[in-house]
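Asker: I have a structure I would like to understand better, so I am pasting it below and will then ask my questions one at a time.
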Amino acid sequence: MKKLQLSIGVVSNPRTWPILNGTIEPEGIELVATVFREPHFGMETLPNMGVAGEEIYKYGPGSIVHRVSGGPGQLFARQLMYGDFDVSEMSMTRLIMSVAQGDDRWMGFPVFMTRRFFHMDILVRKDSGIEKPEDLKGKHVGIETYQSVPAVWNRGMFQHDYGVHPKDITFWRQIEPDYRPAGYVGFPRFTPPPEIKLNDIPHGKTVVSMLKSGELQAALESPGDAGHGPGIDAPEIRQLFPDVYGECVRYYQRTGMYPINHGAVIKREIVEKHPWVALNLFKAFQQAAELADKQRMAHVGYHLESGLIPPEAEKALQKPIARHGVQFNKKVLETYLQYTYEQGLTPRQMKLEELYPGRMMET
2 MKKLQLSIGV VSNPRTWPIL NGTIEPEGIE LVATVFREPH FGMETLPNMG
52 VAGEEIYKYG PGSIVHRVSG GPGQLFARQL MYGDFDVSEM SMTRLIMSVA
102 QGDDRWMGFP VFMTRRFFHM DILVRKDSGI EKPEDLKGKH VGIETYQSVP
152 AVWNRGMFQH DYGVHPKDIT FWRQIEPDYR PAGYVGFPRF TPPPEIKLND
202 IPHGKTVVSM LKSGELQAAL ESPGDAGHGP GIDAPEIRQL FPDVYGECVR
252 YYQRTGMYPI NHGAVIKREI VEKHPWVALN LFKAFQQAAE LADKQRMAHV
302 GYHLESGLIP PEAEKALQKP IARHGVQFNK KVLETYLQYT YEQGLTPRQM
352 KLEELYPGRM MET
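Here the numbering used here is used: position 353 in the sequence shown is 354, and no number is missing along the way.
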């Protein structure tokens with residue numbers, strides 16, 4: 002029986018490599034993958050996939066990979082504006098807002114490509130007087146966009162953990178990237194709630210430049226031109242939390258949540274025509290994630306044997322904390338739905354069944 006060929010757009014990620022290189026094959030499906038650059042891992046970590054944007058590479062029996070140099074934002078723009086892929090990685094905020102606004106081109110696919118504790122992305126000027134989250138009240142704070150996942154998670158954390166409401170802060174939004182044409186056709190519409198103070202950063206300036214100049218006292222997410230985490234080479238800027246990794250650990254121990262960054266969507270017409278596709282793809286992604294976990298364990302073997310990692314860490318590394326599926330992630334998903342509603346990104350609090358209809362809720 003001939004396999005169903007589907008196009009998929011994803012960002013380079015160790016948890017998807019087993020699918021891209023043909024180690025894991027979705028039953029009955031051949032994937033034609035367009036792989037975008039992950040700004041933190043880097044496309045150079047994907048071996049034998051040719052030169053960015055120049056070739057299509059047959060990489061294993063079950064997949065065809067087209068490597069491009071764009072990042073996640075370009076992937077989301079192509080999917081939202083043009084529907085380029087049958088299956089696509091997607092910002093969780095964009096997915097939720099699209100569904101809330103009645104965009105029925107696709108449905109949520111409960112595979113969660115990336116996660117992150119966004120505490121480490123919060124930057125402050127050393128001379129700002131900001132020593133703790135509560136000190137952000139009344140301050141001018143930079144963000145990439147109001148809808149960005151890191152900003153949503155961090156605003157929700159500040160509101161619920163520290164009593165700092167979004168209306169207590171003056172936000173400065175970086176100018177939208179050039180790859181989004183005028184009108185943002187296909188992008189979810191957004192009008193800031195009336196109580197939110199949201200300004201656009203002037204042309205020629207960025208979150209980083211305004212942080213360095215002192216026009217901003219903080220940033221809620223690692224700016225795109227700053228690299229990963231506190232990647233600004235400026236002595237006047239530091240992370241908000243001095244012990245940021247300890248803060249992430251305390252957050253996880255207190256909430257049990259590992260914040261989701263990117264989810265995925267699948268075209269509704271594909272599922273309606275081939276109902277078996279979604280579950281077969283889900284199984285493959287879950288198998289790929291489990292294989293990536295095993296490979297990670299193998300990679301730390303030398304560190305365990307040499308004592309660089311304590312023996313008790315081996316047991317901890319075997320605990321799955323980042324799995325796909327709705328049921329395993331119910332708390333973190335419902336929390337994010339709550340945050341998007343509270344912050345004015347949806348007109349009402351969305352339900353999980355609206356994002357993941359039918360059998361997807363059973364995963």
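Beta carbons: idealized from backbone N, C-alpha and C, even for Gly. Predicted, not measured: the structure shown is a model, and the values here were computed from it.
1. Is the Cβ-Cβ distance between residue 90 and residue 10 less than 8 angstroms?
2. Within 10 Å of its beta-carbon, does residue 298 have 16 or more other beta-carbons around it, so buried, or fewer, so exposed?
3. Buried or exposed: residue 325, going by 16 or more other Cβ atoms within 10 Å of its Cβ?
4. Once the 5 residues before and after residue 43 are set aside, which same chain residues still bring their CB inside 8 angstroms of it?
5. Can you tell me whether residue 332 is helix, strand or coil according to DSSP?
6. Taking only three categories from DSSP, how would you classify residue 114?
7. Leaving aside the five residues before and after residue 106 along the sequence, list all residues of the same chain whose C-beta is less than 7 angstroms from its C-beta, in chain order.
8. Under 8 angstroms, do residue 275 and residue 217 count as touching if we go by C-beta distance?
9. Nearest by alpha-carbon distance to residue 101: which of 193, 349, 294, 212 is it?
10. Taking residue 347 as the reference, give the member of 4, 312, 174, 95 with the closest Cα.
11. So, are the CB atoms of residue 97 and residue 351 less than 8 angstroms apart?
12. According to DSSP, is residue 341 part of a helix, a strand, or is it coil?
13. Any idea which residues DSSP pairs residue 90 with across the strands?
14. If you reduce the DSSP assignment to three classes, tell me which class residue 162 lands in.
15. Would you grab the beta carbon distance between residue 108 and residue 358 for me? Rounded to a whole angstrom, and I think it's under 8 angstroms.
16. Taking all protein chains shown into account, decide if residue 115 is buried (16 or more other Cβ within 10 angstroms of its Cβ) or exposed.
17. Compute the Euclidean distance between the alpha carbons of residue 17 and residue 81, then round it to the nearest angstrom.
18. Just checking my contact of residue 173 with residue 119 at CB under 8 angstroms: how many whole Å lie between their CB atoms?
19. Check residue 173 in the structure and name its three-state DSSP category.
20. Count the C-beta pairs between the stretch 193 to 201 and the stretch 161 to 173 that are closer than 8 angstroms, then say yes if the count reaches three, no if not.
21. Roughly how many whole angstroms lie between the Cα atoms of residue 47 and residue 306?
22. With a threshold of 7 angstroms (Cβ to nearest heavy atom), would residue 89 be considered close to the ligand COA?
23. In whole angstroms, what is the alpha-carbon distance linking residue 344 and residue 222?
24. State whether the stretch 283 to 295 contacts the stretch 316 to 332, with contact taken as three or more CB pairs (one from each stretch) at a distance under 8 angstroms.
25. Can you list, in chain order, the stretches of the beta strand (DSSP E) that have 3 or more residues and sit fully within the stretch 189 to 221?
26. So, at 8 angstroms on beta carbons, what are the nonlocal neighbours of residue 365 in its own chain, with the 5 sequence-adjacent residues on each side left out?
27. Sort out for me which residues DSSP pairs residue 6 with in a bridge.
28. Do you know whose CA, among 121, 302, 360, lies nearest residue 316's CA?
29. If you count every other CB in all the chains shown that lies within 10 Å of the CB of residue 128, and 16 or more means buried, which is it?
30. Leaving aside the five residues before and after residue 383 along the sequence, list all residues of the same chain whose C-beta is less than 7 angstroms from its C-beta, in chain order.
Answerer: Put simply:
1. Numbered from its first residue, the sequence shown carries residue 90 at position 89. Numbered from its first residue, the sequence shown carries residue 10 at position 9. Remark: C-beta atoms of residue 90 and residue 10 approach each other more closely than 8 angstroms.
2. Taking the first residue of the sequence shown as 1, we reach residue 298 at position 297. Per the 10 Å Cβ criterion, exposed.
3. Your numbering for residue 325 matches position 324 in the sequence shown. Buried, by the Cβ-count rule.
4. Translated into positions along the sequence shown, residue 43 becomes position 42. Note that residue 43 scores 40 on pLDDT, short of 50, meaning its location in the model is unreliable; the coordinates nonetheless yield the value given after this. Only 13 meet the Cβ criterion.
5. For this step, residue 332 is matched to residue 331 along the sequence shown. In the displayed model, residue 332 falls within a helix according to three-state DSSP.
6. Walking along the sequence shown from the start, residue 114 turns up at place 113. In this structure, residue 114 counts as coil in the three-state DSSP scheme.
7. Walking along the sequence shown from the start, residue 106 turns up at place 105. These residues qualify, in order along the chain: 84, 268, 269.
8. Counting from 1 along the sequence shown, the entry for residue 275 is found at position 274. Counting from 1 along the sequence shown, the entry for residue 217 is found at position 216. Contact annotation: residue 275 and residue 217 have beta-carbon atoms that are not nearer than 8 angstroms.
9. Residue numbering aside, residue 101 sits at position 100 when the sequence shown is read from its first letter. Of the listed residues, the one whose Cα sits closest to residue 101 is 349.
10. As a position in the sequence shown, residue 347 is number 346, starting the count at 1. Of the listed residues, the one whose Cα sits closest to residue 347 is 95.
11. Counting from one through the sequence shown, the residue named residue 97 turns up at place 96. Counting from one through the sequence shown, the residue named residue 351 turns up at place 350. In this structure, residue 351 lies closer than 8 angstroms to residue 97 by Cβ.
12. Numbered from 1 along the sequence shown, position 340 holds the residue referred to as residue 341. Residue state, collapsed to three classes: helix.
13. Counted from its first residue, the sequence shown places residue 90 at position 89. Partner(s): 265.
14. Translated into the one-based positions of the sequence shown, residue 162 becomes position 161. In the structure shown, residue 162 sits in a helix (DSSP, three-state: H, G or I).
15. Taking the first residue of the sequence shown as 1, we reach residue 108 at position 107. Taking the first residue of the sequence shown as 1, we reach residue 358 at position 357. 6 angstroms between Cβ atoms; contact.
16. Indexing the sequence shown from 1 puts residue 115 at position 114. That one is buried.
17. Counting from one through the sequence shown, the residue named residue 17 turns up at place 16. Counting from one through the sequence shown, the residue named residue 81 turns up at place 80. Distance between the alpha carbons of residue 17 and residue 81: 22 angstroms.
18. Within the sequence shown, numbered from 1, the residue matching residue 173 stands at position 172. Within the sequence shown, numbered from 1, the residue matching residue 119 stands at position 118. About 18 angstroms; that fails the 8 angstroms criterion.
19. Residue mapping note: residue 173 aligns to position 172 of the sequence shown, counting from 1. Three-state DSSP puts residue 173 in a strand.
20. Enough Cβ pairs lie closer than 8 angstroms, so yes.
21. Position 46 of the sequence shown, counted from the start, is the residue given in the question as residue 47. Position 305 of the sequence shown, counted from the start, is the residue given in the question as residue 306. Here residue 47 scores only 44 on pLDDT, less than 50, and its place in the model is too uncertain to base an answer on.
22. Absence of the ligand COA from the depicted structure is noted, as is the absence of any ligand whatsoever, leaving it without description.
23. For the purposes of this step, residue 344 is identified with residue 343 of the sequence shown, where counting begins at 1. For the purposes of this step, residue 222 is identified with residue 221 of the sequence shown, where counting begins at 1. Approximately 16 angstroms, taken between the alpha carbons.
24. The stretch 283 to 295, when compared against the stretch 316 to 332, does touch it at the 8 angstroms Cβ threshold.
25. For the stretch 189 to 221, whole beta strand (DSSP E) runs of length 3 or above, ordered along the chain, are 198 to 201.
26. Since the first and last residues shown for the chain are 2 and 364, residue 365 lies out of range.
27. Within the sequence shown, residue 6 is the residue found at index 5, counting from 1. For residue 6, which the question treats as bridged, DSSP gives the partners 31.
28. On the sequence shown, position 315 is the one that residue 316 refers to. Checking every option, the nearest Cα to that of residue 316 belongs to 302.
29. For this step, residue 128 is matched to residue 127 along the sequence shown. Taking a 10 Å sphere around the C-beta of residue 128, we find fewer than 16 other C-beta atoms and assign the residue as exposed.
30. This structure leaves residue 383 out entirely; the chain is present only between 2 and 364.
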